[in-house]
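Protein chains in written order, with this note's numbering: chain A, 6 to 240; chain B, 6 to 240. Glycine is no exception: its CB is placed at the ideal position from the N, C-alpha and C atoms.
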């Protein structure tokens with residue numbers, strides 16, 4: 006096997022234009038959102054640690070923070086660590102020159118000492134800067150992730166920590182019905198609960214599907230019934 | 006919020022030059038490996054479905070297939086669907102013009118009808134081509150992932166399916182000791198088991214750490230003992 010330079014590909018990562026703070030359903034997370042808005046605007050805490058269950062909306066919030074920073078002319082970078090196996094830890098080098106760094110799912114690199122060390126080094130470099138904010142997300146508090154490096158855990162604990170409170174099914178249903186109403190669509194409770202039961206339960210998926218159903222119902226001049234939904238989504 | 010075009014970033018994804026078929030520990034997966042080699046060389050099955058537990062080496066094999074295709078001058082594309090929330094399903098459009106498409110973790114888009122439909126459409130386009138192979142990975146067989154679209158599941162079942170057999174801890178220990186030996190390092194069973202217990206248990210992480218320990222032990226002229234390892238890795 007040749008020892009030439011590793012092959013570099015480039016993945017077009019897309020910050021969806023509808024994942025903003027405006028489109029986020031706060032439900033008990035107001036303080037966290039305010040804190041992230043400040044970080045994105047260059048006035049927040051240097052380090053923010055955000056944790057919550059899968060599908061609780063962490064990625065939406067990190068996307069929203071990057072979008073706000075970009076809107077204000079600040080350079081932001083979003084990195085999902087779920088794909089660390091296809092990246093080199095060197096990707097973290099020099100990020101501290103940006104205004105905002107959002108690292109999603111940092112628990113994915115726990116028990117991997119080389120990545121943990123690279124994260125630790127990034128933390129230290131961020132703390133030495135005046136104008137860089139770092140926001141990280143994980144599925145558990147820093148003490149509960151299982152990181153190997155005690156120094157990394159202590160750094161992670163220095164920042165401000167927030168738990169993301171997930172939306173209840175009733176709140177998701179209300180959010181769906183409200184979004185439908187804005188579009189002039191009638192979404193009955195029965196149909197809303199059908200969607201919640203069948204589809205992935207994150208609001209991103211539910212809203213994307215609602216958008217598609219909206220267009221299909223307009224084209225077909227049909228109401229949103231369960232048979233119409235099954236037909237449209239090929240279920 | 007402006008409705009301008011979504012922000013596009015670009016993630017430098019890196020196919021590690023040491024994740025090849027040569028460096029993969031076959032352990033019961035010989036037939037699968039041979040099948041992937043053929044697919045990467047343009048002579049294999051049109052569709053390969055590869056499933057196994059997390060950390061069983063799926064990503065290594067997909068990297069290896071892309072590396073082999075590239076080495077032979079074929080265009081290959083590797084896409085980890087764990088970050089689908091930061092990508093548009095439109096990323097799948099036109100991929101069928103490549104020689105090899107490797108989609109990692111397709112279970113991540115299950116119960117998301119728009120992504121499932123995009124996958125289904127890609128399958129159909131690949132089947133219409135003469136020179137494109139598609140390799141997908143997931144954590145369970147196609148029937149057990151929970152996909153919504155029956156047509157997608159039936160397409161996934163058309164291809165050849167392989168289960169990836171994970172390495173036992175003893176096999177991982179043997180692989181570590183063999184890799185150490187090649188480098189002129191002595192790795193005792195006790196020290197090897199210490200690494201297996203403390204670190205992430207995938208061979209990728211274990212080998213990367215062994216490389217680092219190799220360099221540190223040469224610099225320090227020290228043997229690989231547990232105290233030396235703790236010191237080197239800051240554990």
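Taking C-alpha positions only, residue 202 of chain B is separated from residue 116 of chain A by approximately 10 Å.
Excluding the 5 residues flanking it on each side, residue 20 of chain A has same chain C-beta neighbours closer than 7 Å at 68, 71, 72, 83, in chain order. With distances taken between CA atoms, residue 125 of chain B lies nearest to B/94 out of B/94, B/145, B/167, B/103. Chain A has no Cβ within less than 9 Å of the Cβ of residue 29 of chain B.
The Cβ of residue 93 of chain A sits closer than 9 Å to at least one Cβ of chain B. Listed in chain order, the positions of the segment 67-97 of chain A with a beta carbon within less than 8 Å of a beta carbon of chain B are 68, 71, 72, 75, 76, 82, 83, 84, 85, 87, 88, 90, 91, 92, 93, 96. At least 9 Å separates the CB of residue 231 of chain A from every CB of chain B. For residue 212 of chain B, the three-state secondary structure derived from DSSP is helix. Neighbours of residue 213 of chain A in chain B, taken as residues at a C-beta separation under 7 Å, are given in chain order as 119. For the set A/109, A/26, A/90, A/33, the Cα lying nearest the Cα of residue 22 of chain B is the one of A/90. Around the beta carbon of residue 34 of chain A, a 10 Å sphere encloses 16 or more other beta carbons of the protein chains shown; the residue is thus reported as buried. Within the segment 156-184 of chain A, the residues whose Cβ lies closer than 8 Å to some Cβ of chain B are 156, listed in chain order. Where residue 174 of chain B is concerned, the enclosing alpha helix (DSSP H) starts and stops at 174-187.
Annotated as proximal: residue 206 of chain A and residue 174 of chain A, with beta-carbon spacing under 9 Å. Straight-line measurement puts the Cα of residue 185 of chain A at about 11 Å from the Cα of residue 217 of chain A. Nearest CB-CB separation between residue 205 of chain B and chain A: below the 9 Å threshold. The alpha-carbon separation between residue 192 of chain B and residue 128 of chain B amounts to approximately 46 Å.
For residue 152 of chain A, the three-state secondary structure derived from DSSP is coil.
In the assembly as shown, residue 98 of chain B is an exposed residue. Its beta-carbon has fewer than 16 other beta-carbons within 10 Å.
At least 9 Å separates the CB of residue 55 of chain A from every CB of chain B.
The Cβ neighbour count for residue 78 of chain A, taken over all protein chains shown within 10 Å, is under 16; the residue is labelled exposed. DSSP links residue 16 of chain A through a beta bridge to B/16. Cβ contact annotation for residue 145 of chain B (same chain, cutoff 7 Å, sequence separation greater than five): 56, 112, in chain order. Taking a beta-carbon distance threshold of 9 Å, residue 146 of chain A does not count as an interface residue toward chain B. Between residue 118 of chain B and residue 153 of chain B, the beta carbon gap of about 6 Å places them in contact (Cβ cut-off 8 Å). Per the C-alpha coordinates, the member of B/39, B/240, B/96, B/26 positioned closest to residue 123 of chain B is B/96. With respect to the 9 Å criterion, residue 181 of chain B and residue 200 of chain B are classified as neighbours on the basis of their beta carbons. Using a Cβ distance threshold of 9 Å, residue 147 of chain B and residue 105 of chain B do not count as a contacting pair.
In the three-state reduction of the DSSP assignment, residue 105 of chain B falls in the strand class. Ranked by how close their Cα comes to the Cα of residue 76 of chain B, the residues B/47, B/88, B/230 have B/47 in first place.
For a cut-off of 8 Å, the C-beta gap from residue 137 of chain A to residue 101 of chain A is around 5 Å, short enough to register as a contact. The alpha-carbon separation between residue 219 of chain A and residue 114 of chain B amounts to approximately 22 Å. At a cut-off of 9 Å between beta carbons, residue 124 of chain A makes no contact with chain B.
Within chain A, the C-beta atoms nearer than 9 Å to that of residue 217 of chain B come from 118, 119, in chain order. The alpha-carbon separation between residue 40 of chain B and residue 50 of chain B amounts to approximately 8 Å.
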